[in-house]
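**Q** Chains as they are written, first to last, in the working numbering: chain F, 2 to 347; chain V, 2 to 347; chain H, 2 to 347. Beta carbons: idealized from backbone N, C-alpha and C, even for Gly. Dropping the structure in here first, questions after.
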Amino acid sequence: MKTGEFAEIVEGELTGGADVEITGVAAIEDAGPGDITFIASPKFMKYLSASRASCVIVREFAEGPSVTQLKVANPYFAFARALECLYPRTVDTPIDGGRAVVSESAVLGDKVTVFPFAYISDGASIGAGTIIYPGAFIGRDVKIGRDCVIHANVTIREECSLGDRVTAHAGSVIGSDGFGYVLEGGVHYKIPQIGKVVIEDDVEIGSNVSIDRATIGETRIGKGTKIDNLVQVAHNVKMGEHCILVSQVGISGSCDIGSHVTIAGQAGIADHTTIDSDVIIGARAATMGGHVTKGFYLGAPVTPHREFLRAQSLFLKLPDMNKKIKELEDRLNKLQKESKDDASGN
Amino acid sequence: MKTGEFAEIVEGELTGGADVEITGVAAIEDAGPGDITFIASPKFMKYLSASRASCVIVREFAEGPSVTQLKVANPYFAFARALECLYPRTVDTPIDGGRAVVSESAVLGDKVTVFPFAYISDGASIGAGTIIYPGAFIGRDVKIGRDCVIHANVTIREECSLGDRVTAHAGSVIGSDGFGYVLEGGVHYKIPQIGKVVIEDDVEIGSNVSIDRATIGETRIGKGTKIDNLVQVAHNVKMGEHCILVSQVGISGSCDIGSHVTIAGQAGIADHTTIDSDVIIGARAATMGGHVTKGFYLGAPVTPHREFLRAQSLFLKLPDMNKKIKELEDRLNKLQKESKDDASGN
Amino acid sequence: MKTGEFAEIVEGELTGGADVEITGVAAIEDAGPGDITFIASPKFMKYLSASRASCVIVREFAEGPSVTQLKVANPYFAFARALECLYPRTVDTPIDGGRAVVSESAVLGDKVTVFPFAYISDGASIGAGTIIYPGAFIGRDVKIGRDCVIHANVTIREECSLGDRVTAHAGSVIGSDGFGYVLEGGVHYKIPQIGKVVIEDDVEIGSNVSIDRATIGETRIGKGTKIDNLVQVAHNVKMGEHCILVSQVGISGSCDIGSHVTIAGQAGIADHTTIDSDVIIGARAATMGGHVTKGFYLGAPVTPHREFLRAQSLFLKLPDMNKKIKELEDRLNKLQKESKDDASGN
Numbered sequence: 002m003k004t005g006e007f008a009e010i011v012e013g014e015l016t017g018g019a020d021v022e023i024t025g026v027a028a029i030e031d032a033g034p035g036d037i038t039f040i041a042s043p044k045f046m047k048y049l050s051a052s053r054a055s056c057v058i059v060r061e062f063a064e065g066p067s068v069t070q071l072k073v074a075n076p077y078f079a080f081a082r083a084l085e086c087l088y089p090r091t092v093d094t095p096i097d098g099g100r101a102v103v104s105e106s107a108v109l110g111d112k113v114t115v116f117p118f119a120y121i122s123d124g125a126s127i128g129a130g131t132i133i134y135p136g137a138f139i140g141r142d143v144k145i146g147r148d149c150v151i152h153a154n155v156t157i158r159e160e161c162s163l164g165d166r167v168t169a170h171a172g173s174v175i176g177s178d179g180f181g182y183v184l185e186g187g188v189h190y191k192i193p194q195i196g197k198v199v200i201e202d203d204v205e206i207g208s209n210v211s212i213d214r215a216t217i218g219e220t221r222i223g224k225g226t227k228i229d230n231l232v233q234v235a236h237n238v239k240m241g242e243h244c245i246l247v248s249q250v251g252i253s254g255s256c257d258i259g260s261h262v263t264i265a266g267q268a269g270i271a272d273h274t275t276i277d278s279d280v281i282i283g284a285r286a287a288t289m290g291g292h293v294t295k296g297f298y299l300g301a302p303v304t305p306h307r308e309f310l311r312a313q314s315l316f317l318k319l320p321d322m323n324k325k326i327k328e329l330e331d332r333l334n335k336l337q338k339e340s341k342d343d344a345s346g347n
Numbered sequence: 002m003k004t005g006e007f008a009e010i011v012e013g014e015l016t017g018g019a020d021v022e023i024t025g026v027a028a029i030e031d032a033g034p035g036d037i038t039f040i041a042s043p044k045f046m047k048y049l050s051a052s053r054a055s056c057v058i059v060r061e062f063a064e065g066p067s068v069t070q071l072k073v074a075n076p077y078f079a080f081a082r083a084l085e086c087l088y089p090r091t092v093d094t095p096i097d098g099g100r101a102v103v104s105e106s107a108v109l110g111d112k113v114t115v116f117p118f119a120y121i122s123d124g125a126s127i128g129a130g131t132i133i134y135p136g137a138f139i140g141r142d143v144k145i146g147r148d149c150v151i152h153a154n155v156t157i158r159e160e161c162s163l164g165d166r167v168t169a170h171a172g173s174v175i176g177s178d179g180f181g182y183v184l185e186g187g188v189h190y191k192i193p194q195i196g197k198v199v200i201e202d203d204v205e206i207g208s209n210v211s212i213d214r215a216t217i218g219e220t221r222i223g224k225g226t227k228i229d230n231l232v233q234v235a236h237n238v239k240m241g242e243h244c245i246l247v248s249q250v251g252i253s254g255s256c257d258i259g260s261h262v263t264i265a266g267q268a269g270i271a272d273h274t275t276i277d278s279d280v281i282i283g284a285r286a287a288t289m290g291g292h293v294t295k296g297f298y299l300g301a302p303v304t305p306h307r308e309f310l311r312a313q314s315l316f317l318k319l320p321d322m323n324k325k326i327k328e329l330e331d332r333l334n335k336l337q338k339e340s341k342d343d344a345s346g347n
Numbered sequence: 002m003k004t005g006e007f008a009e010i011v012e013g014e015l016t017g018g019a020d021v022e023i024t025g026v027a028a029i030e031d032a033g034p035g036d037i038t039f040i041a042s043p044k045f046m047k048y049l050s051a052s053r054a055s056c057v058i059v060r061e062f063a064e065g066p067s068v069t070q071l072k073v074a075n076p077y078f079a080f081a082r083a084l085e086c087l088y089p090r091t092v093d094t095p096i097d098g099g100r101a102v103v104s105e106s107a108v109l110g111d112k113v114t115v116f117p118f119a120y121i122s123d124g125a126s127i128g129a130g131t132i133i134y135p136g137a138f139i140g141r142d143v144k145i146g147r148d149c150v151i152h153a154n155v156t157i158r159e160e161c162s163l164g165d166r167v168t169a170h171a172g173s174v175i176g177s178d179g180f181g182y183v184l185e186g187g188v189h190y191k192i193p194q195i196g197k198v199v200i201e202d203d204v205e206i207g208s209n210v211s212i213d214r215a216t217i218g219e220t221r222i223g224k225g226t227k228i229d230n231l232v233q234v235a236h237n238v239k240m241g242e243h244c245i246l247v248s249q250v251g252i253s254g255s256c257d258i259g260s261h262v263t264i265a266g267q268a269g270i271a272d273h274t275t276i277d278s279d280v281i282i283g284a285r286a287a288t289m290g291g292h293v294t295k296g297f298y299l300g301a302p303v304t305p306h307r308e309f310l311r312a313q314s315l316f317l318k319l320p321d322m323n324k325k326i327k328e329l330e331d332r333l334n335k336l337q338k339e340s341k342d343d344a345s346g347n
């Protein structure tokens, strides 16, 4: 691909020749001739003049360096597009001779690819262009939209539905029973989990994720939301659009989460928490129910991040604070003793 | 089902007609004609008079509302029974034409269902009525009791045993090697993990759970214990009966846990911790070994919950406390200076 | 096996007869006639005289007990060797009649065992002696070395490579897409993850682990590193040799970790953290980026462990400290009032 072609794709402006052939994408430190690279943050501009790359994507042109620069509004986005253009996804084709099991009552759209050892149950429907890898289990009456990718060993239980362009990475489980019991006679009696999971369009689900079906009704993941590996989403959670759940986050039952919410790694959201749109919950923070309004939070329970950091910065000073309190007490004791001695005329 | 029939099943008392047909179960806010719903907590009684449900399960009758009320000792339990009665579990039947691999030396009870792509190894035994879904791997000499459900892509390694009515949700692994190494010559030398896992009757295991086999002897999960998704149970853990392990809990090696213990989400139990029966460990709390006696604990290391909350409530006040200490010091300095000045006659 | 034979294997010294037959290995409290056991820590020496074991492995001979003692430099290592000798691993053989799907372009070494329902894609190569269990998915052009064990339902995505003697426990996923998006036009646009995962020799990967492929380049796990269950390793992480990652640890993107690093259970390593060799990160500790030098750390953010413990020991004293501050303030107020009263001649 020529630099000029790519500049057109990303609607960018070039400093130099539009005829340079680019054949690969690399990080700024590693890029060599033939590579396109990018600088998203000003602090990496120092690498620019020494770069041997054939083209560097920038937000603002730098004067001086001889390397060809390509100016775009969002260099990181242009980088993603470069990866797409230069490394088109190889579509695997199933090996002849193996076979899947597909129910006669399942409805498969155009150009659906089903690999050997995938199992598609009665009443399932799979949209056009979707790929189902080996070991995937598609339960009864599951609906999967167009152009989805269901990776190996994914389990999608009965009656759940996925929109279009959903990716479920290997080992994930959609629609396992919600964790609901009632104590009766000293034992935990199971509450049947008769609801389902609805995954909207353009959701990506990491590997080894668990998303439980609702007790009644649905667990719902909104359009465009991205879920990292090993995340837990419990029964009856409603999650809005374009959220980010980083790895090992746990969302407890019946949480109601807005759109454009980011929950960073290993954070925990207690059951029945309401989270407004545009909230950021920092890594390892935790809610304890209640209502979290727009803002950036840290700590457990979640606290506006500045307030949390102020308190946290004193945690390691506790020994000093404690020592100081003791000193003050000693001085005060001494002072009072002196003052009493003074008063008594000594 | 008529209200009267259901009242008999749950041994409840009706305010109104026993002949109302109920066809569904819904939450109090959503329930309409034909639905049965429940109120487990007094704070939801306000919904009662406006409810369009055909029947509301309550703990105590409320006077006034025209809706039919059904009084039972444990409304949440009656709700679970209603779900069972009105939504009987659909039993999936394997699709013709696919096949499982079952060893000739495996012994299968009456009416065992084995789906295509399940693999049952030599010497395994599967009790009557048990269902093995696609992709499940049953290792050598594994024993599974009656009426178990082994969901898709579950792995049960050699020599492990499950009691009756055990459910293992999709993607769970029972009997992977314990994490045991000894440092010798600068490398981690593997300690063979020759023990097994024993799961007693009526245990439910969530999706993507890992339960490791013992180094020697057994890892044991007691009768009626319920384990949520993505939980880790390490080698040689002994867990009592009717415990609750919420999602993403980690139990380290050789812990000895009593019965009716609840460990809430994302909590961590360090190795060799002994936990007595009836302990509650709150969400994200952590033990550091030692012996935890009956009580409700929070924090890391675990602390009786009131004591922890008292301390925690002051964490965000650290900046105030620190400021106050500085003020006191300043005042004391000033006071001493004045007193010295006084003493020197100024 | 005779005690004498085993003494030779571990280069140990016996107190007693070399002709005692040992047939099993047990913990010191449980060991009976025919068993060999070990004492690694002096505090267990009290069990020695009462032991009914046929042989006890010790670091130093104890005088008095009649039980045969075997002295070695590293008793725990000798214990591991005893387990190996007395409980040789049973190698499962695939059941006749089932079949795997193996691409014609895949290259399998000598004595590779492929179980039914395993799927081996085009261009894959599998080294001699490697075992691939049911439900394992081996992606396109994956390279697996010699004597590896790929357990049931493991997924290894395209182009990843494993060295020799690597074990991947059930349900693990190697090479799922890194979690990379760029916000453009209000949606999270996927950054193609075109890199791979490289697992070096002698690595062991627990069950339900997720190791993501790099955006560009590789995610690398160094030789001899051991990873426990349910661990997350994000894209572009570089991990050195002989590290230990305990269960439920999360390593975020682009971390650069040295060798002989231990990260204990549920700890979290924020993205772009650099960790030097020989670092120990305690359970549930967390880094927030930056550079962690050799040492033992606890807390979040990570703090040298002594400093953290000093501060932590005061956390529960916060109510006392707060009360003391109030008392000091009251006393100071009173003192100043008195002193003012004095000054005014009252």
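1) What does DSSP give as the partner residue(s) for F:Ala286 in the beta ladder?
2) For V:His306, tell me which candidate among V:Asn323, V:Ala83, V:Ala284, V:Ile276 has the shortest Cα-Cα distance.
3) Going by beta carbon distance, what residues of the same chain come within less than 7 angstroms of V:Gly300, once the five residues before and after it are set aside?
4) Identify, in the order they occur along the chain, each residue of the same chain with its Cβ nearer than 6 angstroms to the Cβ of F:Val167, setting aside the five sequence neighbours on each side.
5) Between H:Pro66, H:Gly35, H:Arg60, H:Glu61, which lies nearest to H:Tyr48 when the distance is taken from Cα to Cα?
6) So V:Cys86 is in the alpha helix (DSSP H); what residue range does that whole segment cover?
7) Using only CA atoms, which one of F:Leu246, F:Ile270, F:Gly172, F:Val262 lies nearest to F:Cys256?
8) For the pair the region 67-82 of chain H and the region 98-110 of chain H, tell me if three or more CB-CB distances fall below 8 angstroms.
9) Look up V:His189 in the DSSP assignment and say whether it is helix, strand or coil.
10) Is the beta carbon of H:Lys384 less than 9 angstroms from the beta carbon of H:Glu242?
11) Closer than 7 angstroms by beta-carbon distance: list the chain H residues that pair up with V:Asp178, in chain order.
12) Name, in chain order, the residues that DSSP records as bridge partners for V:Glu205.
13) Per DSSP, F:Glu219 forms a beta bridge with which residues?
14) Would you mind stating whether F:Ala54 and F:Val73 have Cβ atoms separated by less than 9 angstroms?
15) So, does the CB of H:Glu9 fall closer than 9 angstroms to a CB anywhere in chain F?
16) Does the Cβ of F:Pro95 have 16 or more other Cβ atoms within 10 Å, making it buried, or fewer, making it exposed?
17) Return helix, strand or coil for H:Ile40, following the three-state DSSP convention.
18) In angstroms with no decimal places, state the Cα-to-Cα distance between F:Ser314 and V:Lys144.
19) Please list the residues of the region 229-251 of chain H that have a C-beta atom closer than 8 angstroms to any C-beta atom in chain F, keeping them in chain order.
20) Compare the beta carbon distance of V:Val59 and V:Phe78 with 9 angstroms and say whether it is the shorter of the two.
21) Would V:Val247 be called buried (16 or more neighbouring beta carbons within 10 Å of its own) or exposed?
22) Does V:Ile10 come out as helix, strand or coil in the three-state DSSP assignment?
23) On a Cα-Cα basis, can you pick out the residue from H:Gly25, H:Ser52, H:Ala63, H:Arg221 that is closest to H:Pro43?
24) Consider the C-beta atom of V:Ile145 and the heavy atoms of the ligand SAH; say whether any pair is separated by less than 8 angstroms.
25) Starting from the C-beta of V:Phe138, find all residues in its chain whose C-beta is less than 6 angstroms away, skip the five residues before and the five after it, and write them out in chain order.
26) Taking Cβ to Cβ, would you say F:Val232 is nearer than 9 angstroms to F:Gly251?
27) Below 8 angstroms on the Cβ atoms is my guess for H:Ser104 versus H:Ser122; work out the distance and round it to an integer in Å.
28) Starting from V:Leu317 and walking both ways along the alpha helix (DSSP H), at which residues does that stretch end?
29) State the DSSP-derived secondary structure class of F:Gln313, mapped to helix, strand or coil.
30) Could you check whether H:Thr263 and H:Met240 sit closer than 9 angstroms to each other, using their CB atoms as the reference points?
31) Quick one: grab the DSSP three-state call for V:Tyr298.
32) If you follow the beta strand (DSSP E) that F:Ile29 is part of, which residue opens it and which one closes it?
33) Can you pull the chain H residues whose beta carbon is under 7 angstroms from the beta carbon of V:Glu185, in chain order?
**A** Straight from the coordinates:
1) None, per the DSSP bridge assignment.
2) V:Ala284
3) Ala286, Phe309
4) Cys149, Ile200, Val204
5) H:Pro66
6) Segment 76-87, the alpha helix (DSSP H) holding V:Cys86.
7) F:Ile270
8) no
9) strand
10) The requested residue 384 of chain H does not occur in the structure, where chain H is confined to residues 2 to 347.
11) His170, listed in chain order.
12) V:Thr168, V:Lys227
13) F:Lys197
14) no
15) H:Glu9 does not count as touching chain F.
16) Buried: at least 16 other Cβ atoms inside 10 Å.
17) coil
18) Computed Cα separation, rounded: 54 angstroms.
19) Leu231, Gln233, Ala235, Gln249, Gly251
20) No, Cβ-Cβ distance for V:Val59 and V:Phe78 is not below 9 angstroms.
21) buried
22) helix
23) H:Ala63
24) Annotation note on the ligand SAH: not contained in the displayed structure, which lists no ligands.
25) Tyr120, Thr156
26) yes
27) 6 angstroms
28) From DSSP, V:Leu317 is part of no alpha helix (DSSP H); its letter is neither H nor E.
29) helix
30) No; because the gap between Cβ atoms is not below 9 angstroms, this pair is not in contact.
31) In the structure shown, the three-state DSSP call for V:Tyr298 is strand.
32) Careful: F:Ile29 lies outside any beta strand (DSSP E) and carries neither H nor E.
33) Asn75, Phe78
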